[in-house]
Amino acid sequence: MPTLRDIAQEVGVAVSTVSRVLNSSPDARVTAEVRERIIAAAHALGYSPNYYARGLVLGRGPQIAVCTWTAMTHIAAHRARTILGAAAGTGRPVVAVNGAPLPGTPADLLRVVTSHLPAACVLVSGAWRPPQMTEVVTGLHGHGVHCLVVDSSWPLDPQVPCDTVRADRTQGAALAVSHLIERGHRHIALVSLLRITGRFEGYEKALSEHGIGERYVAPLDPEI
């Protein structure tokens with residue numbers, strides 16, 4: 000397996016220069032011509048970085064950890080597969096962590112995720128409330144791990160150090176109810192976590208806009 004030393008000998012530069020260029024280090028002060036020669040030599044020799052060795056040195060690697068709770072629902076499993084596929088398409092190593100079998104505390108998840116030394120972690124859905132998710136995200140951030148929280152049932156405080164992606168459940172519910180009304184239905188029920196997810200507001204909005212007074216609501220246990 001070719002090494003950084005092999006590339007350095009091929010190009011005629013120091014091993015440290017090759018390392019800085021291939022790691023996109025900001026202190027890699029080389030000309031564009033030398034940079035191109037290093038990258039070309041790496042491709043020609045079939046160089047592949049040892050992510051795990053690098054992770055042991057830096058305390059984290061380039062891999063992406065995707066944490067899911069796939070035992071929850073079929074929809075959650077489908078969403079997790081889609082995200083795993085997208086992460087794999089970046090060319091980075093991907094580590095899948097299933098949070099379902101864990102005891103269910105932030106400390107347990109932190110222990111498992113940080114053991115993989117990821118550069119980033121995608122936390123997909125899950126039933127954790129903001130205090131628990133905040134503890135996980137803050138803990139990972141402290142380890143230098145960038146976090147993305149996807150489709151959490153509860154919005155996080157904007158000060159929590161992570162990016163978030165959430166579905167507009169209010170608008171989605173409103174569109175669904177409006178569709179049923181347009182098809183002639185007038186007795187429409189809602190089974191949801193009520194105001195926690197925003198679906199109730201969408202349900203209420205659509206019925207009110209169409210002048211329908213009846214409400215049929217079956218709340219689920221918000222602890223589920």
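Counting along the sequence shown from 1, when you hit position 24 you're at 23 in numbering that gives the first Met the number 0, and nothing is skipped either side. C-beta: ideal position from N, C-alpha, C; glycine also.
Contact set for residue i: own chain, Cβ-Cβ below 7 Å, skip 5 residues either direction
i, result
"S18", "L3"
"I6", "V17, I37, A40, A41, L44, Y46"
"R91", "P61, Q62, I63"
"V93", "Q62, I63, V65, L83, A86, A87"
"R185", "I211"
Counterpart residues of residue i in DSSP-defined beta bridges
i, result
"S191", "P218"
"L122", "C66, V148"
"D162", "L147"
Close Cβ partners of residue i (< 6 Å) along its chain, the five nearest in sequence each way excluded
i, result
"N22", "none"
"G212", "none"
"V205", "In the sequence under discussion, the amino acid at residue 205 is Ala, which differs from the Val named in the question. Excluding sequence neighbours, A205 sits near A173, V176, S177."
"H115", "A64, V94"
N- and C-terminal bounds of the beta strand (DSSP E) containing residue i
i, result
"A95", "93-97"
Cβ-Cβ separation, residue j to residue i (assumed contact under 8 Å), whole Å
i, j, result
"P160", "V136", "6 Å"
"P100", "A64", "Not quite, the Cβ-Cβ distance comes to about 16 Å (not below 8 Å), so this is no contact."
"R168", "T196", "5 Å"
"F199", "S191", "6 Å"
"V12", "V33", "7 Å"
"E134", "P105", "4 Å"
Host alpha helix (DSSP H) of residue i (start-end)
i, result
"E32", "31-44"
"P105", "105-113"
"R19", "14-21"
8 Å CB neighbourhood of residue i in its chain, flanking five on each side removed
i, result
"L147", "A119, C120, V121, L122, C161, D162, T163, V164"
"H209", "S177, I180"
Interface flag, residue i vs chain C, CB-CB below 8 Å
i, result
"P157", "You won't find chain C in this structure, because it holds only one protein chain."
So does the stretch 173-180 actually touch the stretch 132-149, counting three or more Cβ pairs closer than 8 Å?
The answer is no - the stretch 132-149 does not touch the stretch 173-180, with fewer than three Cβ pairs under 8 Å.
Below 8 Å, how does it come out for the stretch 150-166 and the stretch 98-116: are there three or more Cβ pairs, yes or no?
With the cut-off at 8 Å, the stretch 150-166 and the stretch 98-116 do not touch.
Cβ contact (3+ pairs, closer than 8 Å) linking the stretch 38-47 and the stretch 70-90
Not touching, per the Cβ criterion.
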